[in-house]
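Comments concern the structure below.
Protein chains: 2
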Amino acid sequence: MTILVTGGAGYIGSHTVLALLEAGHDVVVMDNLSNASEESLRRVAELTGRTVPFHRVDLTDPEGLDRLFSSHSFDSVIHFAGLKAVGESAEIPLEYYYRNVAGTINLLRAMDAHGVRSIVFSSSATVYGDNHHAPFVEKMEMGANNPYGRTKEQIEDILTDLGASDERWSIALLRYFNPVGAHESGRIGEDPSGIPNNLMPFIAQVAVGRREKLMIFGNDYPTVDGTGIRDYIHVVDLAAGHVAALNYLTAHGGVHRWNLGAGTGSSVLQVLNAFSRAVGRELPYEFAPRRPGDIAESYADASAALADLGWSTTKTLDQMCEDHWRWQKNNPNGYAD
Amino acid sequence: MTILVTGGAGYIGSHTVLALLEAGHDVVVMDNLSNASEESLRRVAELTGRTVPFHRVDLTDPEGLDRLFSSHSFDSVIHFAGLKAVGESAEIPLEYYYRNVAGTINLLRAMDAHGVRSIVFSSSATVYGDNHHAPFVEKMEMGANNPYGRTKEQIEDILTDLGASDERWSIALLRYFNPVGAHESGRIGEDPSGIPNNLMPFIAQVAVGRREKLMIFGNDYPTVDGTGIRDYIHVVDLAAGHVAALNYLTAHGGVHRWNLGAGTGSSVLQVLNAFSRAVGRELPYEFAPRRPGDIAESYADASAALADLGWSTTKTLDQMCEDHWRWQKNNPNGYAD
Numbered sequence: 001m002t003i004l005v006t007g008g009a010g011y012i013g014s015h016t017v018l019a020l021l022e023a024g025h026d027v028v029v030m031d032n033l034s035n036a037s038e039e040s041l042r043r044v045a046e047l048t049g050r051t052v053p054f055h056r057v058d059l060t061d062p063e064g065l066d067r068l069f070s071s072h073s074f075d076s077v078i079h080f081a082g083l084k085a086v087g088e089s090a091e092i093p094l095e096y097y098y099r100n101v102a103g104t105i106n107l108l109r110a111m112d113a114h115g116v117r118s119i120v121f122s123s124s125a126t127v128y129g130d131n132h133h134a135p136f137v138e139k140m141e142m143g144a145n146n147p148y149g150r151t152k153e154q155i156e157d158i159l160t161d162l163g164a165s166d167e168r169w170s171i172a173l174l175r176y177f178n179p180v181g182a183h184e185s186g187r188i189g190e191d192p193s194g195i196p197n198n199l200m201p202f203i204a205q206v207a208v209g210r211r212e213k214l215m216i217f218g219n220d221y222p223t224v225d226g227t228g229i230r231d232y233i234h235v236v237d238l239a240a241g242h243v244a245a246l247n248y249l250t251a252h253g254g255v256h257r258w259n260l261g262a263g264t265g266s267s268v269l270q271v272l273n274a275f276s277r278a279v280g281r282e283l284p285y286e287f288a289p290r291r292p293g294d295i296a297e298s299y300a301d302a303s304a305a306l307a308d309l310g311w312s313t314t315k316t317l318d319q320m321c322e323d324h325w326r327w328q329k330n331n332p333n334g335y336a337d
Numbered sequence: 001m002t003i004l005v006t007g008g009a010g011y012i013g014s015h016t017v018l019a020l021l022e023a024g025h026d027v028v029v030m031d032n033l034s035n036a037s038e039e040s041l042r043r044v045a046e047l048t049g050r051t052v053p054f055h056r057v058d059l060t061d062p063e064g065l066d067r068l069f070s071s072h073s074f075d076s077v078i079h080f081a082g083l084k085a086v087g088e089s090a091e092i093p094l095e096y097y098y099r100n101v102a103g104t105i106n107l108l109r110a111m112d113a114h115g116v117r118s119i120v121f122s123s124s125a126t127v128y129g130d131n132h133h134a135p136f137v138e139k140m141e142m143g144a145n146n147p148y149g150r151t152k153e154q155i156e157d158i159l160t161d162l163g164a165s166d167e168r169w170s171i172a173l174l175r176y177f178n179p180v181g182a183h184e185s186g187r188i189g190e191d192p193s194g195i196p197n198n199l200m201p202f203i204a205q206v207a208v209g210r211r212e213k214l215m216i217f218g219n220d221y222p223t224v225d226g227t228g229i230r231d232y233i234h235v236v237d238l239a240a241g242h243v244a245a246l247n248y249l250t251a252h253g254g255v256h257r258w259n260l261g262a263g264t265g266s267s268v269l270q271v272l273n274a275f276s277r278a279v280g281r282e283l284p285y286e287f288a289p290r291r292p293g294d295i296a297e298s299y300a301d302a303s304a305a306l307a308d309l310g311w312s313t314t315k316t317l318d319q320m321c322e323d324h325w326r327w328q329k330n331n332p333n334g335y336a337d
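Right, here's the structure in full:
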């Protein structure tokens, strides 16, 4: 099959491109490079021996999308492209709705116009919001508590309505928990611009000397050690989940939502300790007050993906930290090196 | 003040344009005329002695919006434009999300770029969905049960996040119940294209001979006579609610949501009987099974609009029917006559 991967030069995108190539698919990448580097695709080519056609196209450009869909014949789309910083989304929500929601509507219109009606969408555990207790199950009502999460929720609703209206559409909504780690080669990984929003990239930058110390927001949660619990998933496992979802859609069609997580959580201190083991020394940290909107525990009920896709995570927290550290150590400034 | 009214040639739009002119405002109308006629604005001009600048612009055309905002200096926008048929929205949801949601995002971006940060938005009681019991109160969680309602819900969320991010924005979300009736002159009114989706226009077309009989969907609801209860609001009262909301925003700013309804409901048979009185003869009807998604009772808690805006409805069901019938009788084929 030929798969269009939007946002395919980004962190999860590039790992999924690699997994698709290894599974024997043809892949075309579109990305606006606003938070990604073409260097990631050069390295995927180096790892696989296959070059990936790249198009610099923005979701907000309907003509560019039309040209892209005219220039290739796609069987399916894996749609990663979008803004993803929770804090920023509260500051510039209109930009988030414009790029994520209106951008996805443009993509779906282009797909429909060109007869491509299969899509795997990057949703997020953020859609569960703060009204439920972990483990989160797919049937729970959505209720994101920030604009970023609401863009994911709106796109899920749009895709669900689209699938209900026209059975030619095949749709997978994948709710990611906390993707971390990197390909074991250390050649591709997460390269956040500015101050990292997520825990492991921040720890990695502390370890490599780019940040002074880790701030831990909240040590008085009702958890094993007082710090927040999240469900970390190795990006290589996550990429495999996309290939599995794509295969399922090809065989069965329909509209589906699956959590992609380990089904178990780790605390901030547990992650920090595991990362310290990978690095081989203690890393500096400091406790700070809880952040508004953060919940104590978030982890998946991962049983639906196992039952439907035969997919589950395979990598341990130590492997996540070792692989993340190998990438960071070899590429202290990400792809800018 | 100078007010841009999107969808200003439509049913509620044209009545609101009239009310704004009567309140001494300058008005500019944009409309794509997909479900409206410029004739409505000619008649508003005839009733008021003032012509209204009209621009045929579509919400999905960002360049057209930019030209419009460059050619006038607006103080506020009243935003009616959008698709509005519940049944159709389940058939072509992508078109609804494209025109309503992505279209509104384009409008908000144009407003922001031109420094116009005051908006009164046409929301709907549909956002309450079927998880609550009437009377519906603004603080209830939204949960629309059809794509049309979800477009309203998504736009409410976008506007709420926008207002929270930037206090320069003033935002009123008006949740209409069931607008009916027409201006007492009989010169402007509702002119649905195709088969009417709503009760009173359907009855009116039966009365004028364009439809054979009224189908009443469900006569076994737990209501006074078994037929569904809705909160009917005279369109002239509704238009006055928009002027009141605009005045409130100008004085106070902020983000607000108000039900615009009578606070009391009428059954389908009560409406049919009132319309029959207005026409002066019995009108044919037939019972049919309930429609999926319909609820037994929907009516507003109208106390917030009274407390905040000093606004409440003034017209009786008989007046609604008399005014609606005058319009229909004088214009049996709407503006096409």
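From first to last, the protein sequence lines stand for chains B and S.
If you're matching positions, the first sequence starts at 1 in my numbering and goes up one per residue.
If you're matching positions, the second sequence starts at 1 in my numbering and goes up one per residue.
Heads up, the beta-carbon is just placed ideally off N, CA and C, and yes, glycines get one too.
Remember, it's a predicted structure, so these values are computed and weren't measured experimentally.
Checklist entry - Got a sec, what are the start and stop residues for the alpha helix (DSSP H) TYR148 (chain B) sits in? => result Per DSSP, TYR148 (chain B) belongs to the alpha helix (DSSP H) from 147-165.
Item to check | Extent of the continuous alpha helix (DSSP H) run through ALA305 (chain B) | outcome: In the DSSP assignment, ALA305 (chain B) falls within the unbroken alpha helix (DSSP H) covering 303-309.
Item to check | Collapsed DSSP secondary structure at ARG43 (chain B) in the structure displayed | outcome: In this structure, DSSP gives ARG43 (chain B) a helical state, which the three-state scheme calls helix.
Checklist entry - Heavy atom of the ligand GTP less than 7 angstroms from the Cβ of TYR96 (chain S), yes or no? => result In terms of ligand content, the structure shown is empty, and the ligand GTP therefore cannot be addressed.
Checklist entry - Around the C-beta of LYS139 (chain B), are 16 or more other C-beta atoms found within 10 angstroms, so that it is buried, or is it exposed? => result For LYS139 (chain B), the number of other beta carbons within 10 angstroms of its own is below 16, and it is reported as exposed.
Checklist entry - What is the DSSP secondary structure of GLY212 (chain S), reduced to helix, strand or coil? => result Checking the sequence shown, residue 212 (chain S) turns out to be Glu, not Gly. Residue state, collapsed to three classes: coil.
Next on the checklist: Closest to LEU68 (chain S) by C-alpha separation, out of S:GLU46, S:SER122, S:GLY310 and S:VAL28, would be which residue?
Outcome noted: Closest in C-alpha terms to LEU68 (chain S), from the list S:GLU46, S:SER122, S:GLY310 and S:VAL28, comes S:VAL28.
Checklist entry - When you compare each of S:GLY49, S:ILE195, S:ARG230 and S:THR51 to HIS133 (chain S) by their alpha carbons, which one comes out closest? => result For HIS133 (chain S), the closest of S:GLY49, S:ILE195, S:ARG230 and S:THR51 by C-alpha to C-alpha distance is S:ARG230.
Next on the checklist: Under 8 angstroms, Cβ to Cβ, is there at least one residue of chain B near SER165 (chain S)?
Outcome noted: Residue contact check for SER165 (chain S) against chain B: a CB pair falls below 8 angstroms.
Checklist entry - Within 8 angstroms (strictly less), CB to CB, does GLU156 (chain B) reach chain S? => result For GLU156 (chain B), the nearest beta carbon of chain S is not closer than 8 angstroms to its own beta carbon.
Checklist entry - Is the beta carbon of SER267 (chain S) less than 8 angstroms from the beta carbon of GLY228 (chain S)? => result Yes, the Cβ-Cβ distance between SER267 (chain S) and GLY228 (chain S) is below 8 angstroms.
Next on the checklist: My assumption, with CB atoms under 8 angstroms, is that VAL44 (chain B) sits in contact with VAL52 (chain B). Please give the rounded CB distance.
Outcome noted: Taking C-beta atoms under 8 angstroms as the contact rule, VAL44 (chain B) and VAL52 (chain B) qualify, at a distance of about 6 angstroms.
Checklist entry - How would you write the range of the beta strand (DSSP E) that GLU286 (chain B) sits in, first residue to last? => result GLU286 (chain B) -> beta strand (DSSP E) spans 285-288.
Next on the checklist: Would the stretch 241-250 of chain S count as touching the stretch 277-297 of chain S if we require 3 or more Cβ pairs under 8 angstroms?
Outcome noted: No, the stretch 241-250 of chain S is not in contact with the stretch 277-297 of chain S.
Next on the checklist: Out of B:TYR285, B:GLU184, B:ILE155 and B:VAL235, which one is the CA nearest neighbour of GLY261 (chain B)?
Outcome noted: Between GLY261 (chain B) and the set B:TYR285, B:GLU184, B:ILE155 and B:VAL235, the nearest pair of CA atoms involves B:VAL235.
Item to check | Neighbour-count burial assignment, HIS79 (chain S), 16 or more Cβ in a 10 Å radius | outcome: Buried is the call here.
Item to check | Cβ contact (3+ pairs, closer than 8 angstroms) linking the stretch 147-154 of chain B and the stretch 184-203 of chain B | outcome: Under the Cβ criterion (8 angstroms, minimum of three pairs), the stretch 147-154 of chain B does not count as touching the stretch 184-203 of chain B.
Next on the checklist: Quick test of your reading: ASP61 (chain S) and LEU94 (chain B), contact by CB under 8 angstroms. State the CB separation rounded to the nearest angstrom.
Outcome noted: Incorrect: roughly 18 angstroms between the Cβ atoms, too far for contact.
Item to check | For LEU107 (chain B) and HIS55 (chain B), the rounded distance between their alpha carbons | outcome: Using only the alpha carbons, I get a separation of about 14 angstroms.
Checklist entry - For LEU174 (chain S), which three-state DSSP category applies? => result Of the three classes helix, strand and coil, the one that applies to LEU174 (chain S) here is strand, per DSSP.
Checklist entry - Do THR6 (chain S) and VAL116 (chain S) come within 8 angstroms of each other at the CB atom, strictly closer than that value? => result Remark: C-beta atoms of VAL116 (chain S) and THR6 (chain S) do not approach each other more closely than 8 angstroms.
Checklist entry - Name the DSSP bridge partner or partners of HIS234 (chain S)? => result Note: HIS234 (chain S) sits in a beta bridge opposite S:VAL180.
Next on the checklist: Bridge partners for ARG257 (chain B) per DSSP, in chain order?
Outcome noted: In the DSSP assignment, the residues bridged to ARG257 (chain B) are B:LEU173.
Checklist entry - What's the C-alpha gap between GLY143 (chain S) and LEU162 (chain S)? => result For the pair GLY143 (chain S) and LEU162 (chain S), the Cα-to-Cα distance works out to about 20 angstroms.
Next on the checklist: Looking at the secondary structure, which residues open and close the beta strand (DSSP E) in which VAL5 (chain S) lies?
Outcome noted: Taken as a continuous stretch (DSSP letters only), the beta strand (DSSP E) holding VAL5 (chain S) covers 2-6.
Checklist entry - Does the Cβ of VAL206 (chain B) have 16 or more other Cβ atoms within 10 Å, making it buried, or fewer, making it exposed? => result Label assigned to VAL206 (chain B): buried.
Next on the checklist: My assumption, with CB atoms under 8 angstroms, is that LEU20 (chain B) sits in contact with ARG50 (chain B). Please give the rounded CB distance.
Outcome noted: Their Cβ separation, rounded to whole angstroms, is 10 angstroms, which puts LEU20 (chain B) and ARG50 (chain B) out of contact at 8 angstroms.
Checklist entry - Does the beta carbon of VAL180 (chain B) come closer than 8 angstroms to any beta carbon on chain S? => result With respect to chain S, the C-beta atom of VAL180 (chain B) has no partner C-beta closer than 8 angstroms.
Checklist entry - Closer than 8 angstroms, Cβ to any Cβ of chain S: which residues of the stretch 108-138 of chain B, in chain order? => result Among the residues of the stretch 108-138 of chain B, those with a Cβ less than 8 angstroms away from any Cβ of chain S are LEU108, ARG109 and ASP112, in the order of the chain.
Next on the checklist: Against chain B, with Cβ distances strictly below 8 angstroms, would GLU39 (chain S) count as a contact?
Outcome noted: Not an interface residue.
Checklist entry - What does PRO292 (chain B) reach in chain S if we use C-beta pairs closer than 9 angstroms? => result In chain S, no part has a C-beta under 9 angstroms from the C-beta of PRO292 (chain B); the shortest such distance is about 12 angstroms.
Checklist entry - By a C-beta neighbour count over all protein chains shown, 10 Å radius and 16 as the cutoff for buried, is ARG168 (chain S) buried or exposed? => result Within a 10 Å sphere around the beta-carbon of ARG168 (chain S) sit fewer than 16 other beta-carbons, which makes this residue exposed.
Checklist entry - At a Cβ threshold of 8 angstroms, is ALA102 (chain S) touching chain B? => result For ALA102 (chain S), a Cβ of chain B is located within less than 8 angstroms of the residue's own Cβ.
Checklist entry - Can you name the residues of chain S whose CB is closer than 8 angstroms to the CB of ILE105 (chain B)? => result Neighbours of ILE105 (chain B) on chain S, chain order: LEU94, TYR97, TYR98, VAL101 and ALA102.
Checklist entry - Using the beta-carbon count (16 or more within 10 Å), is GLY194 (chain B) buried or exposed? => result Exposed.
Checklist entry - Since PHE69 (chain S) is in the alpha helix (DSSP H), which residue starts that stretch and which ends it? => result Run containing PHE69 (chain S): 62-71, per the alpha helix (DSSP H) assignment.
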